[in-house]
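For the sequence shown, the positions run -20 to -1, 1 to 241 when mature numbering (1 follows the signal peptide of the UniProt record, and there is no 0) is used.
Each residue gets a CB set at the ideal place from its N, CA and C atoms; glycine is no exception.
In this text the structure is predicted, and so the values were computed from the model without any measurement.
So the structure is just underneath, and the comments pick up after that.
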Amino acid sequence: MRIRISRLFLLTSLVPWTMADITNRMSSFSYGPNVLQTYDVYIPQGKQDENPSCETYWLVYIHGGYYRDFSVNSTSVQPSIEVLESRNITDFNNTIEKVAGVASLNYRLSALPGVQDPSTTPENKLQTARWPDHLNDVLAALRDLNSHYPIDGQYVISGHSVGAQMAFLAALRTLNDTTIPKPVAVLGVSGIYDFPQILRTNPEYTNLTLNAINETNLGSASPAVYPGELYEKLDLKAVALQWLWRIVTMMDLCPGIKWRR
């Protein structure tokens, strides 16, 4: 398996696009009763009636925010779409032709102290998620997305921070659960892959981490602790890890692709 790392991924178009254009083309879907159990879908112009093929792939994005920052949500993918739709960057020319659609997932969040009063906040708006609620929501969103669009075996899953962590764990879950659509590649951006190691080297993250994950679950929530053989079984076309969101891309996914650093 080779790795290709270049610049930020998503879309391009033939004409300049504004954020309003992107927002107007977004469709929202709900997969559960909580207000955060939703995802947004963006279909590039001219792709509404197409099915994914070896020429096109879906891009599924999972936001970060360390499980609790409600200001980080599915809309965080929109500036990336705007940049790529504008075709102002030579590196992204013709990328749009390889993209069938973009889905950006929300999921239930853990408590953010001082923000909500449980006695007055409606139940469907509460931030009370505990791991693995967040991952279970991501899996539910993927299943629901696949029921609306044929993404199984035709999408790249990506995420930032804990979104990257869940992208890798979601891919691993496909090994034992055929109801979860399988990705062709995983892209992790500034991901958190080993919680026990982070808490050893950066103990200041302890309270923040345990706010969402019980200590007994830290290992199973860490993609880095799973044996490499499991990732090999996924038979992915590419796995990319990058610290800098603005210089990452996943491109050229059709057969014959060559991946590189």
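Close Cβ partners of residue i (< 8 Å) along its chain, the five nearest in sequence each way excluded
i, result
"residue 51", "45"
"residue 210", "152, 155"
"residue 124", "9, 11, 19"
Cα-Cα separation between residue i and residue j, rounded to whole angstroms
i, j, result
"residue 180", "residue 195", "13 Å"
"residue 173", "residue 141", "9 Å"
"residue 48", "residue 212", "32 Å"
"residue 55", "residue 175", "26 Å"
"residue 220", "residue 130", "24 Å"
"residue 86", "residue 53", "6 Å"
"residue 110", "residue 191", "8 Å"
"residue 23", "residue 82", "6 Å"
"residue 4", "residue 144", "27 Å"
"residue -17", "residue 102", "Caution applies to residue -17, whose pLDDT of 40 falls short of 50 and renders its modelled position unreliable; the value that the coordinates give is listed next. Roughly 45 Å between the two C-alpha positions."
"residue 160", "residue 126", "8 Å"
"residue 65", "residue 7", "17 Å"
"residue 80", "residue 100", "42 Å"
"residue 1", "residue 60", "13 Å"
"residue 25", "residue 182", "45 Å"
"residue 178", "residue 88", "23 Å"
Own chain residues within Cβ distance below 7 Å of residue i, not counting five before or after
i, result
"residue -2", "58, 62"
"residue 146", "42, 114, 115, 118, 139"
"residue 149", "115, 203"
"residue 166", "137, 147, 148, 151, 216, 219"
One or two residues paired with residue i in a DSSP bridge
i, result
"residue 18", "10"
"residue 37", "79"
"residue 135", "38"
"residue 221", "168"
"residue 140", "169"
Candidates the options, of which the one nearest residue i by Cα
i, options, result
"residue 106", "8, 12, 16, 206", "16"
"residue 120", "155, 9, 4, 171", "9"
"residue 108", "116, 98, 115", "98"
"residue 38", "77, 214, 205", "77"
"residue 242", "103, 135, 215", "Not covered by the structure: residue 242. The range shown for the chain is -20 to 241."
"residue 132", "36, 96, 23, 177", "36"
"residue 84", "21, 60, 95", "21"
"residue 157", "200, 75, 122, 189", "122"
"residue 163", "91, 214, 177", "214"
"residue 90", "205, 187, 208", "187"
Three-way DSSP call (helix, strand, coil) for residue i in this model
i, result
"residue 160", "coil"
"residue 43", "coil"
"residue 168", "strand"
"residue 56", "helix"
"residue 127", "helix"
"residue -1", "helix"
"residue 149", "helix"
"residue 119", "helix"
"residue 92", "coil"
"residue 85", "strand"
"residue 187", "helix"
"residue 203", "helix"
"residue 48", "coil"
"residue 177", "helix"
"residue 61", "helix"
"residue 227", "Note that residue 227 has pLDDT 32, beneath the 50 cutoff, so the model's placement of it is unreliable and the number below is only indicative. Residue 227: helix per DSSP, three-state reduction."
"residue 210", "helix"
"residue 154", "coil"
Contacts around residue i, its chain only, beta-carbon distance under 6 Å, and the 5 residues preceding and following it disregarded
i, result
"residue 128", "none"
Any chain D beta carbon closer than 7 Å to residue i
i, result
"residue 198", "Judged by its chain identifiers, the structure shown contains no chain D, having just a single protein chain."
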